[in-house]
Amino acid sequence: MGSIRDRVAIVGMGCTQFGNNWDMSANDMIVNAAFEALEDAGIEIKDIDAAWFSSFFCPPGLTGQSLAKALKLPFLPVTRVENACASGTDALRNASYAVASGIYDTVLVLGVEKLKDNGLQGLPDAEMWLNMWGSHDSTYRCTTASGPAQFAQMASSYFSKYGIEAEHGKRILATLEASNHHNGSLTPKAQFRNEVSVEKIMNAPIIAAPLGLFDCCGVSDGAAAAIIVPADKAKEFRSDPIFIKALQIAVGPCDGLMNPGYDYAHVEETGRAAKAAYKEAGITEPRKEISIANVHDCFSITQLVTMEDLQFSPRGKAGEDVMSGFFSLGGGLPVNTDGGLKCFGHPIGASGIRMMYETYKQLQGKADKRQVDNASVGLTHNLGGIPGSASVSVGIVSRELG
Amino acid sequence: MAGIVSYGAYIPFNRLPRAEISKVWGGPHLPGEKAVAGFDEDAVTMAVAAAIDCVKGINCEDINGVYFASTSSPYLEKQVSALIAQVLNLKKDVWTMDFAGSLRCGTNALKAAMDAVKGGSAENILVCASDVRPACAKGDKEMNFGDGAASFLISNKDVSVEVENTYTRFNELMDVWRSDQDPYVRSWEDVFIYAKGYTAVVSSTVLAALKKVKLEPSDFSRVALYSPNARQLGAVARKVGFSPEVQIRDVLHLSVGNTGTAMAMMALIAALEEVEGNERLLFASYGDGCDVFIMKTTDKIRDIKNRRGIKEHLASKKTMSSYSQYLTWRKQLETEPPRRVPLEGPSASALLRDNKSGLAFYGVKCLKCGTPQYPPQRVCLNCGSKDQFEDYCFANKIGKVTAFSHDMLGATLDPPITGATIDFEGGGRIKLDMTDRVPEEVKVGIDVEMTFRKLRYVNGIYDYWWKCRPIRSSM
Chain X
41 MGSIRDRVAI VGMGCTQFGN NWDMSANDMI VNAAFEALED AGIEIKDIDA
91 AWFSSFFCPP GLTGQSLAKA LKLPFLPVTR VENACASGTD ALRNASYAVA
141 SGIYDTVLVL GVEKLKDNGL QGLPDAEMWL NMWGSHDSTY RCTTASGPAQ
191 FAQMASSYFS KYGIEAEHGK RILATLEASN HHNGSLTPKA QFRNEVSVEK
241 IMNAPIIAAP LGLFDCCGVS DGAAAAIIVP ADKAKEFRSD PIFIKALQIA
291 VGPCDGLMNP GYDYAHVEET GRAAKAAYKE AGITEPRKEI SIANVHDCFS
341 ITQLVTMEDL QFSPRGKAGE DVMSGFFSLG GGLPVNTDGG LKCFGHPIGA
391 SGIRMMYETY KQLQGKADKR QVDNASVGLT HNLGGIPGSA SVSVGIVSRE
441 LG
Chain D
22 MAGIVSYGAY IPFNRLPRAE ISKVWGGPHL PGEKAVAGFD EDAVTMAVAA
72 AIDCVKGINC EDINGVYFAS TSSPYLEKQV SALIAQVLNL KKDVWTMDFA
122 GSLRCGTNAL KAAMDAVKGG SAENILVCAS DVRPACAKGD KEMNFGDGAA
172 SFLISNKDVS VEVENTYTRF NELMDVWRSD QDPYVRSWED VFIYAKGYTA
222 VVSSTVLAAL KKVKLEPSDF SRVALYSPNA RQLGAVARKV GFSPEVQIRD
272 VLHLSVGNTG TAMAMMALIA ALEEVEGNER LLFASYGDGC DVFIMKTTDK
322 IRDIKNRRGI KEHLASKKTM SSYSQYLTWR KQLETEPPRR VPLEGPSASA
372 LLRDNKSGLA FYGVKCLKCG TPQYPPQRVC LNCGSKDQFE DYCFANKIGK
422 VTAFSHDMLG ATLDPPITGA TIDFEGGGRI KLDMTDRVPE EVKVGIDVEM
472 TFRKLRYVNG IYDYWWKCRP IRSSM
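Chains as they are written, first to last, in the numbering used here: chain X, 41 to 442; chain D, 22 to 496.
Here's what the structure looks like:
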């Protein structure tokens, strides 16, 4: 089996403001993110050979035409990728493979989501998922609980498995989210840029017990884009390209929803994708070798178990690392340096590319007030689905080749 | 002799103290409380629950027919007995019949079942009666009505209760009715309906029946009657000469309410729970006439065990939070819908494919590695074998809560939605809603049982599936 390690590089990235983008259509966000990335790479539309487009439910319409239409791509090959919240990273993965194969030299990857035009609270996808979790497609015979509740269940079993008392468990999760809010406050493009105290987070209204309002990420509009080129040509574009070391994805066979062997206190797909990514990147001690990680904190509990699934913390011990500040901006392994999904926002198809945008800026030393010292190796992680049935991607990038 | 082989009953978990109703509207209230079908229950789900109680220890493959009786079937045109037969996974060639149109349709169904087993067209028939009768807010019917279901297995042999005689009188009268245009049950003035309806007709019909069989009121150890309320039950008892304290011993009006079609049968089950062999019972219904059954228990009555029946169901309950909760569940109080995606309607063709897995709650068990799994798979989740499965029923299995959450976001008439991941005794895991629970009492590790419920109503289709609930017991 081959490897993507050191074969392609990112030479340009763009990202819109995330949030309630009432004044921007999907088309506007596509244009803004794409042209920022092109400018960053010093190229134009005419230099692009092909494009990969990720969106979960984005209007207008289906196919890759949304992207081609917005940018007036000159009849280029455009592939649309959907893998729920892992869509963006999966688009990046497919685009990277195409470049590594030698078929294309310059490829655009763009993810976008326009979630806030439907007047709903939460994601508009609930009904879609039910088909996957229920007794049979299109019968809607399935739990009626919301998406957040599926992750909240993981909190109940995680606390139970590791003997964490409910109040302390809430405090761990609140501390983690306070850190995300602190990072968000330093990130101009983030949806939520305010500090929030641990006490306020703990006492917020319950969404799906034990998760409260601040345990759940934002629902946002946004777009992010990247330009991928062969690694050996990267320096022709810029002096500080970011090299891709690993792009792995693990798609679960719904095992955890049917198999009592799954403990509902971790995400198997994350563990599998991480293991493959570390192997691909040649990383043996992730806790030491990874400088920063931007992970899928759709909910606080997801971020907590992800620290264990990514082998940053031993099983049951992620809470201790959260409480000691190990994952905070000044800690040993800063996580969600831009505020994460919680504060930067979560436009599904754009999120993986947004994480790569933050990682790219950190590795280039351009993260301003939230800059992590000597950030050299960064990790991104997306989880599409729910505990027990997920599509998970892990990406690893570095400032250096080799 | 033909008669009853087995019985089962169902009373919803939720009870509304009648004082809660008068708290809102003022005025006096009836004593006690009424049993209220949950937001996810209806006449169908309650009939299924009573049927499951009735067939404990009985092989469903041996059942020859299902009769369903109700005035509150969720469908005007669509047979519920066929649905129940599918839920119980009965043989394809069982007789299914729905009886409707009168509170007497429960005993009509029993009479038809008796005739079928006597005539030899079936060896046995499962009869289910169930009602959730609609009553307008602030009226006496709302105060008085309760929800419940009863089920009997009728056979021509090995009976626990012999039906010695039956007698009937019809009575054409506008006393209590609901037209095709009425949302709620109507009635004429009380003095009239009892003088020319219930009280007069039941007492005279019972007396005529007794005369026919040459028995005295005192010949019966127990008497089970339909009654619109406790007072008229007493009036009939006086007119005929039954002792309310010894022979009738009504427990329903105070704690459940008038359960309509199911009422007489529930009263009979309450009596059967307390009798021995060789005791005589009288059982009568009312609705556009009166059906009378004269019965005698056999020694087999003692063999009917482990039924939740009336006693256990009465003792297992939760007091509802408020009258507004009741009105909301009944959709008599319009509330602002949450800002969530509108519900999708189930597909009829998908529902057809799902009959066994969705309604009878069958998954599969791998013939190679023995792993139970739900929903049915083509490729084994454990060993990867293709199409090497046997059917495996989850409906009768106990499970344990592995993970749960109380969800305030999902749309429901009974927030929070308690979602749970259930691991089954014997293997298998299913993600289910938990109903009839006290949220504070839900913990990882508690035992749950399966219960057939209504999930959603979209585009005219009631979508039924299974939920879990903490095991109902009187303990």
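We put the CB at the ideal spot given by N, CA and C, even for glycine.
**Study point:** Rounded separation between MET496/D and GLU333/D - CA only
**Key:** Reliability fails at MET496/D, whose pLDDT of 43 lies under 50, so the model's placement of it is uncertain and the value that follows must be treated cautiously. The alpha-carbon atoms of MET496/D and GLU333/D are separated by roughly 9 Å.
Review point. Should MET195/D be flagged as near chain X, meaning a C-beta pair shorter than 7 Å?
Key: Not one chain X Cβ lies under 7 Å of MET195/D.
Exercise for review: Out of LEU369/X, ALA49/X and ALA314/X, point me to the one whose CA is closest to GLN351/X's CA.
Suggested key: Among LEU369/X, ALA49/X and ALA314/X, the Cα nearest to that of GLN351/X is on ALA314/X.
Exercise for review: Report yes if the C-beta distance between ALA271/X and ASP46/X is below 7 Å; otherwise report no.
Suggested key: Yes, they are a contact pair.
Review point. Nearest chain D C-beta to SER429/X closer than 7 Å, yes or no?
Key: Chain D, which has no Cβ nearer than 7 Å to the Cβ of SER429/X, makes this no.
Point to revise | Sub-7 Å separation of CYS311/D and THR226/D beta-carbons | key: Taking 7 Å as the Cβ cut-off, CYS311/D and THR226/D qualify as a contacting pair.
Review point. Closer than 7 Å, CB to CB, is ILE419/D near chain X or not?
Key: Answer no: the Cβ-Cβ gap between ILE419/D and chain X never drops below 7 Å.
Review point. Regarding GLU193/D and the ligand FAD, is the C-beta to nearest heavy atom distance less than 6 Å?
Key: Because no ligand of any kind appears in the structure shown, any question about the ligand FAD cannot be addressed here.
Check your understanding: So is SER342/D in contact with chain X if we call contact Cβ pairs under 7 Å?
Key -> Cβ-Cβ to chain X under 7 Å: no for SER342/D.
Practice item. Note down the Cα distance separating ASN134/X from ALA90/X, rounded to an integer number of angstroms. Key: The alpha-carbon atoms of ASN134/X and ALA90/X are separated by roughly 11 Å.
Practice item. Would you mind giving the Cβ-Cβ distance between ARG490/D and VAL469/D, rounded to the nearest angstrom? I have them listed as a contact below 8 Å. Key: The Cβ separation is near 6 Å, so the contact holds.
Check your understanding: Which bits of chain X does GLN394/D rub up against, with CB to CB less than 7 Å?
Key -> Using a Cβ-Cβ cut-off of 7 Å, GLN394/D is close to MET298 of chain X, given in chain order.
Point to revise | Terminal residues of the alpha helix (DSSP H) in which ALA432/D lies | key: Element bounds for ALA432/D: n/a, residue is neither H nor E.
Exercise for review: With TRP350/D as the anchor, note down where its alpha helix (DSSP H) starts and where it stops.
Suggested key: 344-350 is the extent of the alpha helix (DSSP H) around TRP350/D.
Check your understanding: For ASP63/D, does the three-state DSSP call read helix, strand or coil?
Key -> Under the three-state reduction of DSSP output, ASP63/D falls in the coil class, being neither helix nor strand.
Review point. To which residues of the same chain is ALA150/D closer than 6 Å at the C-beta, ignoring the five residues directly before and after it?
Key: Taken in chain order, the residues that qualify are ALA90, GLY127, ALA171, THR282, ALA283 and MET286.
Check your understanding: Per DSSP, ARG207/D is paired with what?
Key -> Paired residue(s): TRP198/D.
Practice item. Go ahead and pull the three-state DSSP assignment for MET496/D. Key: Residue confidence for MET496/D is low, a pLDDT of 43 falling below 50, so the modelled location carries little weight and cannot support an answer.
Exercise for review: Could you confirm whether any beta carbon from chain X is found closer than 7 Å to the beta carbon of PHE425/D?
Suggested key: Proximity of PHE425/D to chain X, defined by a Cβ-Cβ separation below 7 Å, is satisfied.
Check your understanding: When DSSP builds the beta bridges, which residues end up paired with VAL426/D?
Key -> Checking the displayed sequence, the identity of residue 426/D turns out to be Ser instead of Val. Looking at the DSSP assignment, SER426/D forms a beta bridge with GLY440/D.
Review point. Looking at the structure shown, is MET347/X part of a helix, part of a strand, or coil, going by DSSP?
Key: Of the three classes helix, strand and coil, the one that applies to MET347/X here is helix, per DSSP.
Practice item. Identify which residue in LEU344/X, THR184/X, ILE426/X and ALA266/X has its Cα closest to the Cα of GLY359/X. Key: That would be LEU344/X, whose Cα lies nearest to the Cα of GLY359/X.
**Study point:** Whether TYR344/D touches ILE42/D by CB criterion (7 Å)
**Key:** Yes, Cβ-Cβ distance for TYR344/D and ILE42/D is below 7 Å.
Point to revise | Counted within 10 angstroms of its Cβ, other Cβ atoms place GLN202/D as buried (16 or more) or exposed | key: Exposed.
Review point. Between the region 148-155 of chain X and the region 210-220 of chain X, do three or more beta carbon pairs fall short of 8 Å?
Key: Touching, no.
Point to revise | From VAL432/X, CYS338/X and GLN288/X, residue whose alpha carbon lies closest to that of MET41/X | key: Taking only the C-alpha atoms, the option nearest MET41/X is GLN288/X.
**Study point:** Within-7 Å CB hit, GLU365/D to chain X
**Key:** With respect to chain X, the C-beta atom of GLU365/D has a partner C-beta closer than 7 Å.
Check your understanding: If you compare alpha carbons, which of LYS338/D, ASP320/D, ALA292/D and LYS233/D is closest to ARG583/D?
Key -> One cannot answer for residue 583/D here, as it falls past the ends of chain D, which runs 22 to 496.
Review point. Would TRP62/X be called buried (16 or more neighbouring beta carbons within 10 Å of its own) or exposed?
Key: Burial call: exposed.
Check your understanding: If you check the beta carbons only, do VAL417/X and ASP349/X fall under 7 Å apart?
Key -> For VAL417/X and ASP349/X, no; Cβs fall outside 7 Å.
Practice item. Whole angstroms is fine: what's the gap from VAL277/D's alpha carbon to LYS132/D's? Key: When rounded, the separation of the alpha-carbon atoms in VAL277/D and LYS132/D is 26 Å.
Check your understanding: In the DSSP assignment, what are the bridge partners of HIS421/X?
Key -> Paired residue(s): VAL434/X.
Check your understanding: Starting from ARG374/D and walking both ways along the alpha helix (DSSP H), at which residues does that stretch end?
Key -> Per DSSP, the unbroken alpha helix (DSSP H) holding ARG374/D starts and ends at 369-374.
**Study point:** Where ASP263/D sits in the DSSP three-state scheme
**Key:** Before going on, a small fix: residue 263/D reads as Phe here, not Asp. PHE263/D falls in the coil class under three-state DSSP.
Check your understanding: DSSP beta-bridge partners for THR318/D?
Key -> According to DSSP, THR318/D bridges with VAL182/D.
Point to revise | Beta-bridge pairing of THR189/D - partner residues as DSSP gives them | key: Looking at the DSSP output, THR189/D sits in a beta bridge with ASP312/D.
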